[in-house]
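Residue numbers (UniProt numbering): 1 to 565. Cβ atoms here follow ideal geometry from the backbone N, Cα and C, with glycine treated the same way.
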């Protein structure tokens, strides 16, 4: 090429690079997404519909070479790039509409991979329509993807050539009807509720949040660790724990058999027999009757064994062994000590943090809180990160970054599910998620928050629960701070020590601890955290103050004895 041409191309390349460097990050991302979409479209066009369809076959559904409905819609043009290809889909009929006087049926099929259905047109000569049309019917269909008639809402539809499987569903008995169903009713049909759009959307959002959780911590250098679900420690100190025991089976068996514990008179009578046998042994020894001593000793030992068993059995009440104080004797239990389902894996995670720096656990926790609200669950999943060489400021920043990362991930990967939830249940939900994801979180100390709430009361705001320093903020207080005062998420920190756990670091004022709660609009408290108490003497004092037994936390205290961080 002529030198001037080369110079012109080089100059344009430099100008383009400078333009990209000057662009805002969000604009760069948008341009990148646009370029990627163009690349995908070009590749799809180059491959052709048949090749593209082969690429999206589920790798673990080769039985039918099945393609996911969501995978079809994810192809360029909402699936339009697949028009002309033959694919196999499997799923459940959401609705069936018979047309042309029974000549064909339009099936809305969904396989749970996404919120969108695929319309499948089946002619009567392909399969008996009555076997397909009922809501809930499972079908595996092979057919050609075609453009629908002009004016249709869908971009692509399938025209069936073969029905490979039918799992019939009796429409008269199927409890999951086409109309909207209440959540209360669905709780009685838990085994079928995932067939509904609501629960399916929640499941996909929950899956995305779980993936985002692992992605966030992995990208930020955290190690994922597993903590025990069965424990002898109460991390929260609240005592609201589900107990794990194997003793109740024996208690039921005792009740069924009519087993009765030996009375005090029975035990005393057995003791008398043991004493009498001992006297016999003594007399035989004094008489020098060696031949008779051994059988007499054996008889005495047998009686002593029976006495020990009787004494133990006499301490049974309702089939459960008791100690001298009348408390349950757990030495007969599986773990030999009182054992519970975990309320938190935090203390166990700390053992890893004190050796591996940044770690987290993510799993089920259990609370025996008898409260029928949407904010209290007997079982829920909790994310618990622990960071060594960090303070409360680092903790608050990690919490904010994590929430935003998860929300942005869901906004990107589950937009239609979020839109569905907004449409059906909470019209402001999607906007609220976007607002939280984009807003810098406010920060305010507990003491300052109390003053703000007191000012609101002075200005005429009425709360059910009085506002005063030292209270555990109620949901109404938390929501007022987030919704009315800050109008965005806010982190409240440095709480009174008397309302927080023993392991939180005592501040210099001696009244507050380095704890924080993230409050968000509509919800209130979303998460909590704290800087841990690293000083052994202070930690031991705090354990005693809250009424816990130090012996139960000997291993936790060891973390402070040996290289506290």
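Asked                                                                                                                : Found
DSSP three-state assignment for residue 330, whether helix, strand or coil                                           : helix
Cutoff 7 Å: residue 440 Cβ touching any chain C Cβ                                                                   : Among the protein chains of the structure shown there is no chain C, as only one such chain exists.
Among 326, 274, 162, nearest to residue 302 - alpha-carbon criterion                                                 : 274
Inter-residue Cα distance where the pair is residue 132 and residue 366                                              : 43 Å
7 Å CB neighbourhood of residue 514 in its chain, flanking five on each side removed                                 : 392, 494, 504, 505, 507, 530, 531
Own chain partners of residue 402 with C-beta closer than 6 Å, once the 5 adjacent residues on each side are dropped : 216
The region 410-428 touching the region 193-202, judged by at least three CB pairs closer than 8 Å                    : yes
Whole-angstrom C-beta distance between residue 436 and residue 411, which should lie under 8 Å                       : The Cβ separation is near 10 Å, so there is no contact.
Status (buried if at least 16 other CB within 10 Å, exposed otherwise) for residue 66                                : buried
Rounded straight-line distance, which links the Cα of residue 174 to that of residue 622                             : For the chain, the structure presents residues 1 to 565; residue 622 sits outside this window and is missing.
The region 381-400 touching the region 480-497, judged by at least three CB pairs closer than 8 Å                    : yes
Extent of the continuous alpha helix (DSSP H) to which residue 450 belongs                                           : 446-458
Span of the beta strand (DSSP E), counted from its first residue to its last, around residue 95                      : 86-99
Proximal residues to residue 228 (C-beta, below 7 Å), its chain only, five neighbours per side dropped               : 342, 348
Whole-angstrom C-beta distance between residue 557 and residue 550, which should lie under 8 Å                       : 7 Å
Nearest neighbour of residue 449, chosen from 480, 271, 243 [CA to CA]                                               : 480
Distance cut-off 6 Å: residue 534 Cβ against heavy atoms of the ligand SAM                                           : This structure does not include the ligand SAM; it has no bound ligands of any sort.
Minimum length 3: unbroken beta strand (DSSP E) runs contained in the region 205-249                                 : none
Candidates 510, 541, 565, 554, of which the one nearest residue 534 by Cα                                            : 565
Beta-carbon proximity of residue 111 to residue 91, cut-off 7 Å                                                      : yes
Beta-bridge pairing of residue 381 - partner residues as DSSP gives them                                             : 364
Alpha helix (DSSP H) runs contained entirely in the region 473-561, provided each spans 4 or more residues           : 475-480, 536-545, 554-561
Where residue 305 sits in the DSSP three-state scheme                                                                : helix
The region 314-327 / the region 348-361 touching (three or more Cβ pairs under 8 Å)                                  : no
Residue 71 to residue 56 span [Cα, whole Å]                                                                          : 6 Å
Reduced DSSP category for residue 441 - H, G, I as helix; E, B as strand; rest coil                                  : coil
Reference residue 264; option with closest CA among 278, 316, 248, 225                                               : 316
Alpha carbon of residue 286 to alpha carbon of residue 279, nearest angstrom                                         : 11 Å
Whole-angstrom C-beta distance between residue 388 and residue 339, which should lie under 8 Å                       : Their Cβ separation, rounded to whole angstroms, is 29 Å, which puts residue 339 and residue 388 out of contact at 8 Å.
Nearest residue (CA-CA) to residue 516, options 447, 335, 379                                                        : 447
Residue 386 versus residue 39 - alpha carbon distance                                                                : 42 Å
7 Å Cβ cutoff met for residue 160 and residue 120                                                                    : yes
Ordered list of alpha helix (DSSP H) runs contained in the region 373-440, each at least 4 residues                  : 392-413, 415-424, 429-438
C-alpha gap between residue 502 and residue 468, whole angstroms                                                     : 22 Å
CA-to-CA distance, residue 525 to residue 453, given in whole angstroms                                              : 16 Å
Assigned secondary structure, residue 50 (DSSP; H/G/I helix, E/B strand, else coil)                                  : helix
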